[in-house]
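Written below as structure tokens is the structure these notes are about.
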Amino acid sequence: LTQLVQLDLSQNKLSGSVYSCFKHTLSNLLDLNLSKNCFIQINGNEHHGMEIENLRILNLCGNSIESIQIGDFLHLIKLEKLLLGSNKLNQINKEAFKSNPLLIELDLSRNLLEDHVIFENLPFKTSKDVTTLYKSLKLFDKLEFLETINLSNNRFKSIEPEAFKDCSESLQKLDVSVNN
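Numbering (our numbering), first residue to last: 11 to 190.
Next up, the structure:
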């Protein structure tokens, strides 16, 4: 399996944490689809021996993941597309995407994210605890390659005009529909 470039394990009722399913070296893997399984957590601390550092696309849509913790994507430094839609996300650790500066697309749609979700101390933002969508979206401030952000179908109540001003050079698609 060391030559695999794409692996689709969607709709298989895989459960537990994402990385607990893998015990093999997949160093050439670029695209991993784990959508529509039964994962409840990512748990990046369990990636021991799982060499997927070249991964560019990770699809975790349609699971039951409730939070993103520090270290969940720490070893995925080349990650460009992260799909986390249709989970039960209600918390994102302040350093969750710290080691993923190459993200081009981030899908957080159809989750339980609210205005008070705290995105702080990330390399691309400066605000502290938040109470409005504007402040929480400082998450994207200096993520210079981010082209697509999908925050639709969450529970955000407000957005300030300058929420995405620092990523305006690269941002091409922004979806904040069906909130509140």
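Ideal Cβ placement from N, Cα and C applies to all residues, glycine included.
Under 8 angstroms between the Cβ atoms of residue i and residue j?
{"i": "L123", "j": "N160", "result": "no"}
{"i": "S119", "j": "D41", "result": "no"}
{"i": "E157", "j": "I114", "result": "yes"}
{"i": "E63", "j": "K91", "result": "no"}
{"i": "N97", "j": "N121", "result": "yes"}
{"i": "G54", "j": "H85", "result": "yes"}
{"i": "N38", "j": "S20", "result": "no"}
{"i": "I67", "j": "A106", "result": "no"}
{"i": "N9", "j": "F174", "result": "The shown model of the chain, from 11 to 190, leaves out residue 9, and the question about it has no answer."}
Can you tell me whether residue i is buried or exposed? The criterion is at least 16 other CB atoms within 10 Å of its CB, across all chains shown.
{"i": "L11", "result": "exposed"}
{"i": "V28", "result": "buried"}
{"i": "Q13", "result": "exposed"}
{"i": "D117", "result": "buried"}
{"i": "I78", "result": "buried"}
{"i": "S45", "result": "buried"}
{"i": "S168", "result": "exposed"}
{"i": "N69", "result": "buried"}
{"i": "N22", "result": "exposed"}
{"i": "N47", "result": "buried"}
{"i": "T136", "result": "Because T136 carries a pLDDT of 30, less than 50, the predicted location of this residue cannot be relied on, and no value is offered for it."}
Note down the Cα distance separating residue i from residue j, rounded to an integer number of angstroms.
{"i": "E154", "j": "N73", "result": "29 angstroms"}
{"i": "C71", "j": "S178", "result": "26 angstroms"}
{"i": "L17", "j": "S109", "result": "23 angstroms"}
{"i": "F49", "j": "D82", "result": "13 angstroms"}
{"i": "Q182", "j": "Q101", "result": "26 angstroms"}
{"i": "Q15", "j": "S30", "result": "The question names Gln, yet the displayed sequence has Val at residue 15. For V15 and S30, the distance between alpha carbons rounds to 20 angstroms."}
{"i": "S162", "j": "L93", "result": "13 angstroms"}
{"i": "G95", "j": "L36", "result": "25 angstroms"}
{"i": "Q51", "j": "S180", "result": "30 angstroms"}
{"i": "G26", "j": "L99", "result": "16 angstroms"}
{"i": "S187", "j": "L24", "result": "31 angstroms"}
{"i": "F32", "j": "E61", "result": "9 angstroms"}
{"i": "L65", "j": "P111", "result": "14 angstroms"}
Going by the DSSP bridge assignment, what does residue i pair with across the sheet?
{"i": "N43", "result": "D18, N69"}
{"i": "I102", "result": "I78"}
{"i": "N160", "result": "D117, D185"}
{"i": "S25", "result": "C48"}
{"i": "H124", "result": "What sits at residue 124 in the sequence shown is Glu, not His. Note: E124 sits in a beta bridge opposite R165."}
Please decide whether residue i counts as near chain D, where near means a Cβ-Cβ distance under 8 angstroms.
{"i": "V15", "result": "Among the chains in the structure shown there is no chain D, since it carries only a single protein chain."}
Length at least 3, wholly inside the segment 67 to 95: the beta strand (DSSP E) runs in chain order: 67 to 69, 91 to 93
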